[in-house]
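Below: the structure, in structure tokens.
Protein chains: 2
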Amino acid sequence: MPQTPHIERHFTASAIVRDIVIGMADGLTVPFALAAGLSGAVADAGIVVTAGLAEIAAGSIAMGLGGYLAAKSDAEHYASEERREHQEIREIPREEMKEVADIFREYGLGEDQVGAVVEAMTRRPKQWVDFMMRFELGLEPPDPKRARTSAAFIAGAYVIGGLIPLAPYMFARNARTALVISVVVTLVALAVFGLIKGRYTGARPLKSALQTTLTGGLAATAAFLIARAIA
Amino acid sequence: MPQTPHIERHFTASAIVRDIVIGMADGLTVPFALAAGLSGAVADAGIVVTAGLAEIAAGSIAMGLGGYLAAKSDAEHYASEERREHQEIREIPREEMKEVADIFREYGLGEDQVGAVVEAMTRRPKQWVDFMMRFELGLEPPDPKRARTSAAFIAGAYVIGGLIPLAPYMFARNARTALVISVVVTLVALAVFGLIKGRYTGARPLKSALQTTLTGGLAATAAFLIARAIA
Chain A
23 MPQTPHIERH FTASAIVRDI VIGMADGLTV PFALAAGLSG AVADAGIVVT AGLAEIAAGS
83 IAMGLGGYLA AKSDAEHYAS EERREHQEIR EIPREEMKEV ADIFREYGLG EDQVGAVVEA
143 MTRRPKQWVD FMMRFELGLE PPDPKRARTS AAFIAGAYVI GGLIPLAPYM FARNARTALV
203 ISVVVTLVAL AVFGLIKGRY TGARPLKSAL QTTLTGGLAA TAAFLIARAI A
Chain B
23 MPQTPHIERH FTASAIVRDI VIGMADGLTV PFALAAGLSG AVADAGIVVT AGLAEIAAGS
83 IAMGLGGYLA AKSDAEHYAS EERREHQEIR EIPREEMKEV ADIFREYGLG EDQVGAVVEA
143 MTRRPKQWVD FMMRFELGLE PPDPKRARTS AAFIAGAYVI GGLIPLAPYM FARNARTALV
203 ISVVVTLVAL AVFGLIKGRY TGARPLKSAL QTTLTGGLAA TAAFLIARAI A
């Protein structure tokens, strides 16, 4: 890959920021909506706290372990596709050479240049496989340490995000009183989170804030209406 | 892109299967763990059902809308990077030409061929941008309809997955009785889901079944212990 300086301008979100965003977005939204929903059905804030903490434990483990397994399976997928490409280059080199040639014909190269590129590839099987991985399959080599850090950041962000909407229920006895405070606090937190997320991901901050607030608000309203209807 | 037949052998999971897997994995896990957790704290199965349905509403909206917004923002990200590449090709063509040259030098092309490839690229700015998008940034053009179908499949799979662990609580009065049935039914469902998921994603089915069952079991155990400790 080219390491020229201007690449960094393209890089708007690092992997860790992405993991924090994933965990925090759901952590602020789902425990918030669950607590709001339960407030529509039960008066005791203690039950809301119990359910909320159970949800935070369940959600952070499910998301963290999910992120871990996804990163692991991406790495395994890459390794197995790489083995397959090596095998194809050995067993059906003519087909693979034709694929390289077709790619470069599409970019407007003349037959002489296409022949030269194909010939250069066949002399370096390792680079040839890298080229096919990236170009034919669109796969980038994965970072081996990614799975663990990814799991930790997703789960941690989920827990922190989930404790914000739940905190009011820990201090108020009555679930309805806590609900009002939780709604205000969490909608503000969702908006701030959306603003910061927008800055990091390159989206317009106000639009991003509107999206996170709306998602949380919709999820909470739906949960509240459903819980009230069946209680 | 080359459209040779052997590409399809690489293709193990379509976008829709991926969305169903994402929604179902969390739908089977989080409502299951929440219901199990609440069963450690309250005896009334009705409260578990209320909390579970509120969670399914919240989780499916959060995940579905999250998938929708992620697909939309991927599309916007692609468009904005594409504009930037077009601009760079116009404004700093020498730097961009050097990047193309560096890429092909790494693949072992001689200077003559590198020069010819660069020259061919500069004659077709559209293909040149496509090349940089895919090669320098690793970005594929997004499907414009993706956001809506993605949201619907993720949310639908979450609801279906979430109703499986919750069903026993709807028929049993006592939460502890329902818990036992829910644990058995859901662990079997998680294992079956893992097997099918493994087949579609190319992972070893037994390993995949073990992973989904373990994730759900761990999340439920943690939620149960936390809820019981504070109740």
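Those protein sequence lines, which keep their order, are chains A and B.
Take 23 as the starting number for the first sequence in our numbering and just add one per residue.
Take 23 as the starting number for the second sequence in our numbering and just add one per residue.
Just so you know, even glycine gets a beta-carbon here, dropped at the ideal spot from N, CA and C.
1) I want to know whether the stretch 225 to 235 of chain A touches the stretch 71 to 89 of chain A - three or more CB-CB distances under 8 Å.
2) Pull up the distance between the alpha-carbon of A241 (chain B) and that of V70 (chain A), whole angstroms please.
3) Using the beta-carbon count (16 or more within 10 Å), is R168 (chain B) buried or exposed?
4) Could you tell me whether any Cβ in chain A is nearer than 8 Å to the Cβ of E108 (chain B)?
5) Spatial neighbours of G81 (chain A) within its chain, please: CB distance less than 8 Å, with the 5 preceding and 5 following residues excluded, ordered by chain position.
6) Rank B:T237, B:E162 and B:R195 by C-alpha distance to the C-alpha of T208 (chain B) and give the top, closest one.
7) Between Y180 (chain B) and chain A, is the shortest Cβ-Cβ distance under 8 Å, so that the two count as touching?
8) I need the straight-line Cα distance from Y118 (chain A) to F157 (chain A), nearest angstrom please.
9) So, F153 (chain B) versus Y129 (chain A), is the Cβ gap smaller than 8 Å?
10) For a contact defined as C-beta to C-beta under 7 Å, what are the partners of A47 (chain B) on chain A?
11) Would G62 (chain B) and Y191 (chain B) qualify as a contact pair, given that the criterion is a beta-carbon distance under 8 Å?
12) List the residues of chain B whose Cβ lies closer than 8 Å to the Cβ of M192 (chain A), in chain order.
13) Taking 8 Å as the threshold (beta carbon to beta carbon), is F153 (chain A) in contact with chain B?
14) In whole angstroms, what separates the C-alpha of S230 (chain A) from that of K219 (chain A)?
15) Could you say if the stretch 91 to 99 of chain A and the stretch 161 to 176 of chain A meet the contact criterion of at least three C-beta pairs nearer than 8 Å?
16) Could you tell me which residues DSSP pairs with D165 (chain A) in its beta bridges?
17) Going straight from the alpha carbon of P27 (chain B) to that of L159 (chain A), what length do you get?
18) Taking Cβ positions only, does F157 (chain A) come closer than 8 Å to chain B?
19) Applying the 10 Å Cβ sphere with the 16-neighbour rule, what's the burial state of Q233 (chain B)?
20) For the alpha helix (DSSP H) holding G254 (chain B), just list the boundary residues, first then last.
21) Just to make sure I have the definition right: I need the residues of chain C whose C-beta is within less than 7 Å of the C-beta of G81 (chain A). Which are they?
22) Can you pull the chain B residues whose beta carbon is under 9 Å from the beta carbon of Y129 (chain A), in chain order?
23) What are the start and end residues of the alpha helix (DSSP H) that includes D152 (chain A)?
24) Rounded to a whole number of angstroms, what is the C-alpha to C-alpha distance between V206 (chain B) and G216 (chain B)?
25) According to the neighbour-count rule (16 or more other Cβ atoms, all chains shown, within 10 Å of its Cβ), is S172 (chain B) buried or exposed?
26) Using the Cβ count rule (16 or more neighbours within 10 Å means buried), how would you classify E107 (chain B)?
27) So is R31 (chain A) buried or exposed if we call it buried at 16+ other beta carbons inside 10 Å?
Looking at the coordinates:
1) At 8 Å Cβ cutoff, the stretches do not touch.
2) Counted from its first residue, the second sequence places residue 241 (chain B) at position 219. Counted from its first residue, the first sequence places residue 70 (chain A) at position 48. Straight-line Cα distance between these residues: approximately 19 Å.
3) Sequence index remark: in the second sequence, residue 168 (chain B) carries index 146 (1-based). So R168 (chain B) counts as buried.
4) To locate residue 108 (chain B), count along the second sequence from 1; it is residue 86. Residue identity differs from the one stated: residue 108 (chain B) is His in this sequence, not Glu. By this cut-off, H108 (chain B) is not an interface position.
5) Counted from its first residue, the first sequence places residue 81 (chain A) at position 59. Within the same chain, G81 (chain A) has close Cβ partners D48, G49, V52, P53, Y180 and G184.
6) Locating residue 208 (chain B) in the second sequence gives position 186, where the first residue counts as 1. If we check each option's Cα against that of T208 (chain B), B:T237 comes out closest.
7) As a working mapping, residue 180 (chain B) is identified with position 158 in the second sequence. No, because no Cβ of chain A sits closer than 8 Å to the Cβ of Y180 (chain B).
8) By 1-based counting over the first sequence, the position of residue 118 (chain A) is 96. By 1-based counting over the first sequence, the position of residue 157 (chain A) is 135. One detail in the question is off: residue 118 (chain A) reads as Glu in this sequence, not Tyr. Rounded to the nearest angstrom, the two C-alpha atoms are 12 Å apart.
9) Reading the second sequence from its first residue, position 131 is the one you call residue 153 (chain B). Reading the first sequence from its first residue, position 107 is the one you call residue 129 (chain A). Their beta carbons are under 8 Å apart, which means F153 (chain B) touches Y129 (chain A) by this criterion.
10) As a working note, residue 47 (chain B) is residue 25 in the second sequence. In chain order: G88.
11) In the second sequence, residue 62 (chain B) corresponds to position 40, counting from 1. In the second sequence, residue 191 (chain B) corresponds to position 169, counting from 1. For G62 (chain B) and Y191 (chain B), no; Cβs fall outside 8 Å.
12) Counting from one through the first sequence, the residue named residue 192 (chain A) turns up at place 170. None at all; the shortest Cβ gap to chain B is about 10 Å.
13) Position 131 of the first sequence, counted from the start, is the residue given in the question as residue 153 (chain A). Yes, contact with chain B.
14) Indexing the first sequence from 1 puts residue 230 (chain A) at position 208. Indexing the first sequence from 1 puts residue 219 (chain A) at position 197. Whole-angstrom Cα-Cα distance: 7 Å.
15) By the C-beta criterion, the stretch 91 to 99 of chain A is judged to be in contact with the stretch 161 to 176 of chain A, since at least 3 inter-stretch pairs fall below 8 Å.
16) Within the first sequence, residue 165 (chain A) is the residue found at index 143, counting from 1. D165 (chain A) is not bridged by DSSP to any residue.
17) On the second sequence, position 5 is the one that residue 27 (chain B) refers to. On the first sequence, position 137 is the one that residue 159 (chain A) refers to. Confidence is the limiting factor: at P27 (chain B) the pLDDT is only 33, short of 50, which leaves the residue's position unreliable and the question unanswerable from this model.
18) Residue 157 (chain A) sits at position 135 when you count from the first residue of the first sequence. With 8 Å as the cut-off, F157 (chain A) counts as an interface residue toward chain B.
19) Here residue 233 (chain B) is taken as the residue at index 211 of the second sequence, counted from 1. So Q233 (chain B) ends up on the buried side.
20) The structure shown does not extend to residue 254 (chain B), since chain B spans only 23 to 253, so no value can be given for it.
21) Although the question refers to chain C, the structure presented lacks it and instead comprises the protein chains A and B.
22) Your numbering for residue 129 (chain A) matches position 107 in the first sequence. The answer, in chain order, is V139, A142, M143, R146, Q149, W150, D152 and F153.
23) To locate residue 152 (chain A), count along the first sequence from 1; it is residue 130. Here the alpha helix (DSSP H) through D152 (chain A) covers P147 to F157.
24) Locating residue 206 (chain B) in the second sequence gives position 184, where the first residue counts as 1. Locating residue 216 (chain B) in the second sequence gives position 194, where the first residue counts as 1. The C-alpha of G216 (chain B) is placed about 15 Å away from the C-alpha of V206 (chain B).
25) Against the second sequence, residue 172 (chain B) aligns to sequence position 150. In this structure S172 (chain B) is buried. Its beta-carbon is surrounded by 16 or more other beta-carbon atoms within 10 angstroms.
26) For the purposes of this step, residue 107 (chain B) is identified with residue 85 of the second sequence, where counting begins at 1. Counting Cβ neighbours within 10 Å, E107 (chain B) comes out buried, since at least 16 surround it.
27) Reading the first sequence from its first residue, position 9 is the one you call residue 31 (chain A). Because R31 (chain A) sits at a pLDDT of 37, beneath the cut-off of 50, its placement in the model cannot be relied upon, and the following sentence gives the value as read from the coordinates. So R31 (chain A) ends up on the exposed side.
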